[in-house]
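Protein chains in written order, with my numbering: chain A, 43 to 185; chain B, 43 to 185.
Contents: one structure, followed by commentary.
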DNA sequence: TTTGACCTATGAGTTGGTCATAGGTTTTAT
DNA sequence: ATAAAACCTATGACCAACTCATAGGTCAAA
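Structure below.
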């Protein structure tokens, strides 16, 4: 297979195939006649594997490590389980953060219903944001 | 105030102050003697405003637009309300996506409990991921 | 044989900073 | 007075994971 065919088979951009090849995730052979890359069924498996792992939140570096382990005839599954656990915890943290942000946004929106739009007066840019309570402490003022 | 003092007052990295200045969010005057930037209370207000807006998910470009409107003596609040609404919708979308991902991860993890770790066999890299059902359609195979 | 569709390598753009470099200035301590 | 520390300047590289643009080489069909 050439680049476009592999890309189409896996549903990705041909440039992604080239990028993954540069990054060492795919290991095509080369046609010496025309310098074209030649991909086989194994590359398609690797590419599909990589895309699924990416959807699960694995980084490209992690995917490469997993593929490299497989190349060394070691089972990558323990590594997969390990990274997956971390990733799951991270997703939970992200959800929490976003839900808190969402709650604060809704609260702010409700509070804004009754606030007039002011023109900046040299003390305030837009009360809507300046009176937003973000519970992050900030420091002293000096001039 | 000089860079570090402003940065400390707002609880940010001095490089962030320089970066925001380059990006036009802060407009310090310059001391012609030594070419140093001089920030005043207004810049501190702008910087704090910018940081709050960033926490709400406003992009730097949006923040700059808002500040520019304020500089033109227009109330930036309508723009703020508008961008805020879009941002709220986006946050909701992000939460949904993450929750779906989370659900699929938990399901996969449960399914993995009873699956053995295999060594790559030329057909499979790691069943854990390859048998992951991601309900994204992909295309035909050819070689 | 020429056009279009493909291939190559390389570099830039995206976002929001952070860090490193190399050099100039000011402040503090000796 | 002077030397070191702590600050300032501008510029460019770096992070992630691609995507897109450029310039040029190759190949298939009309």
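C-beta atoms are modelled at their ideal positions from N, C-alpha and C, and glycine is treated no differently.
Chain A contact for residue i (CB, 8 Å cutoff)
i                      : result
residue 103 of chain B : no
residue 161 of chain B : yes
residue 109 of chain B : yes
residue 70 of chain B  : no
residue 141 of chain B : yes
residue 136 of chain B : yes
residue 172 of chain B : yes
residue 151 of chain B : yes
residue 144 of chain B : yes
Inter-residue Cα distance where the pair is residue i and residue j
i                      : j                      : result
residue 110 of chain A : residue 61 of chain B  : 39 Å
residue 174 of chain B : residue 67 of chain B  : 46 Å
residue 43 of chain A  : residue 80 of chain A  : 6 Å
residue 123 of chain A : residue 64 of chain B  : 45 Å
residue 154 of chain B : residue 98 of chain A  : 14 Å
residue 77 of chain A  : residue 70 of chain A  : 11 Å
residue 91 of chain B  : residue 56 of chain A  : 42 Å
residue 54 of chain B  : residue 102 of chain B : 15 Å
Cβ neighbour criterion (16 or more within 10 Å) applied to residue i
i                      : result
residue 104 of chain A : buried
residue 94 of chain B  : buried
residue 158 of chain B : exposed
residue 51 of chain A  : buried
residue 182 of chain A : Low local confidence applies: a pLDDT of 34 at residue 182 of chain A is under 50, so the model's placement there is unreliable, and no value is given.
residue 49 of chain B  : buried
residue 82 of chain B  : exposed
Coarse secondary structure for residue i, derived from DSSP in three states
i                      : result
residue 101 of chain A : coil
residue 165 of chain B : coil
residue 173 of chain A : coil
residue 178 of chain B : Residue placement at residue 178 of chain B cannot be trusted, given a pLDDT of 45 that sits under 50; what the coordinates show is reported in the next sentence. Coil at residue 178 of chain B, not helix or strand.
Minimum Cβ-Cβ distance from residue i to chain B less than 8 Å
i                      : result
residue 133 of chain A : yes
residue 185 of chain A : Its pLDDT being 27, under 50, residue 185 of chain A is placed unreliably by the model, and nothing is read from it.
residue 181 of chain A : Low confidence applies to residue 181 of chain A: its pLDDT is 35, below 50, so where it sits in the model is not reliable enough to give any reading.
residue 94 of chain A  : yes
residue 122 of chain A : yes
residue 88 of chain A  : yes
Segment limits, alpha helix (DSSP H) that includes residue i
i                      : result
residue 51 of chain A  : 45 to 52
residue 128 of chain A : 119 to 154
residue 62 of chain B  : 56 to 64
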